[in-house]
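Step one of this worksheet: look at the structure below.
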Amino acid sequence: MQQIDKKLNNIDDIFEFTAHEKFSDLHFKWNEELNLKAIIAIHSTKFGPSLGGCRFIEYPNTDSAVIDALRLARGMSYKNAMAGLNYGGGKAVIIKPREMPDRVAFFEAFGEFVNELGGRYITAKDSGSTLEDMDVIASKTNYVASTSAMVDPSPFTALGVKQGILAAIEHLYQKKDLEDMHVAIQGVGYVGYYLAKYLHELGARLTVCDIDQTAVRRCVEEFGASQVATNEIYSVPCDIFSPCALGAIVNDETLPLLHCKIIAGAANNQLAQIRHGQALFDKGILYAPDYIINAGGVIHATYKYDNRSDEQANEKIINLYEVLLHVFEQSKKEQKPTDIIADEIAYAKLHN
Ligand code: NAD
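Just so you know, we're using the numbering used here here: the sequence shown kicks off at 97 and counts up by one.
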């Protein structure tokens with residue numbers, strides 16, 4: 097996705113930029129008493145209310161927080177559109193203050209802010225915010241898609257990643273199973289563990305790594321996985337490299353090390369820069385765009401929010417196979433990297 101690196105010098109810059117990127121609206125809330133500075137960016141409501149997490153981290157300045165909100169909101173529009181959800185894209189950014197005397201009152205005030213938008217934006221947990229914070233927000237508004245009462249989304253995200261891997265295998269090898277396939281998984285936390293389980297059940301051979309040795313041991317014992325050190329995972333000769341830990345893992349340092357045919361994993365923002373998508377394409381590595389393959393969690397969350405069943409959510413997640421297959425086929429036909437094709441399809445859905 098085109099990076100947003102513009103410096104916003106004044107209010108006119110913000111208007112110019114949001115118009116260029118076809119944003120819907122941008123909201124600010126300031127509560128001096130509580131030290132609350134929050135931004136809600138609504139990129140698109142074309143398919144339904146905008147939905148995206150609430151990030152609660154420190155920022156060097158307000159500019160960078162606004163840019164983060166805009167970038168993440170647009171990303172959610174693309175993700176929700178590609179998953180075929182009846183939701184648009186939005187994001188909240190709360191600038192984490194050095195001091196927060198009353199966390200409950202702080203998140204209550206944020207909940208009121210969300211509520212004032214009347215359902216144009218639905219919030220959820222994201223980096224820095226907790227399920228307990230979401231419960232507090234939910235005491236002030238109904239527009240919350242993740243609370244402590246909801247189930248862990250990781251198995252659903254892992255199901256989507258499994259589907260993406262199967263689509264990639266079908267596209268490259270015209271194969272419908274994972275027998276004799278070797279998958280190297282970076283990070284066997286919540287999603288990586290379930291993914292390892294699903295792939296093991298389908299007959300895949302696994303190599304895993306994690307900074308957490310307990311997580312590694314569990315995969316070795318339960319699925320017969322081999323283990324490597326974290327810095328060795330990139331160079332494991334394998335069919336599929338599945339990043340399920342960190343962003344920006346396809347970069348100038350790792351690219352020459354990769355010995356895989358497919359990259360398909362749950363991690364967000366896997367390409368360090370947009371040019372790395374082209375580099376993978378040139379190297380003949382099929383890349384499953386992260387925001388499509390990792391949409392299982394958001395699909396499940398929105399289906400639950402709409403009181404639909406797990407079966408209906410699973411059906412939608414299973415369909416990510418078709419979505420990715422189409423992206424792979426278009427990439428081959430147009431001889432363009434898969435991430436560019438995905439962005440073009442999402443942009444056309446949102447703006448044509
Ligand atoms: P997690 O924190 O449970 O798992 C990440 C694992 O990676 C942890 O076990 C951690 O120890 C390990 N790790 C950290 N640094 C590492 C390194 N340098 N090398 C190897 N392992 C390392 O997180 P998760 O919920 O499983 O999510 C994994 C990724 O998928 C994240 O990037 C997340 O943003 C993305 N994602 C998750 C979901 C979801 O439903 N949980 C949905 C969409 C995207």
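Note that beta-carbon positions come from the ideal geometry of N, C-alpha and C, so glycine has one too.
On a predicted model such as this, the values are computed, not experimentally measured, just so you know.
| Item | Value |
| --- | --- |
| With respect to 7 Å, is the separation between the Cβ of Ala362 and the closest non-hydrogen atom of the ligand NAD below this value? | yes |
| Report yes or no: do the segment 123-132 and the segment 189-200 share at least 3 C-beta pairs separated by less than 8 Å? | yes |
| Between Lys379 and the rest of its own chain, which residues show a CB-CB distance below 6 Å, the 5 nearest in sequence each way excluded? | none |
| Can you find the residues in the same chain that come closer than 7 Å, C-beta to C-beta, to Leu446, ignoring five residues on each side of it along the sequence? | Ser140, Lys142, Ser173, Ala177 |
| Closest to Ile281 by C-alpha separation, out of Tyr269, Lys258, Asp273, would be which residue? | Lys258 |
| Just to confirm the assignment: which complete alpha helix (DSSP H) runs, minimum length 4, are found wholly within the segment 262-288? | none |
| Runs of 3 residues minimum, wholly inside the segment 293-346: which ones carry the beta strand (DSSP E) assignment? | 301-305, 336-339 |
| Provide the residue span of the alpha helix (DSSP H) that contains Ala444, from first to last. | 434-447 |
| Quick check on DSSP: helix, strand or coil for Ala188? | strand |
| Under DSSP, the alpha helix (DSSP H) around Leu166 begins and ends at which residues? | 158-178 |
| How long is the line joining the alpha carbons of Leu516 and Pro156, rounded to whole angstroms? | Residue 516 lies beyond the stretch modelled for the chain, which goes from 97 to 448, so this question has no answer here. |
| Tell me whether the beta-carbon of Ala360 lies closer than 8 Å to the beta-carbon of Ile261. | yes |
| According to DSSP, is Thr398 helix, strand or coil? | helix |
| Cα separation between Cys356 and Ile441? | 26 Å |
| Indicate, with yes or no, if the ligand NAD has a heavy atom lying under 7 Å from the CB of Ala241. | no |
| Is it the case that the CB of Asp308 approaches a heavy atom of the ligand NAD more closely than 7 Å? | yes |
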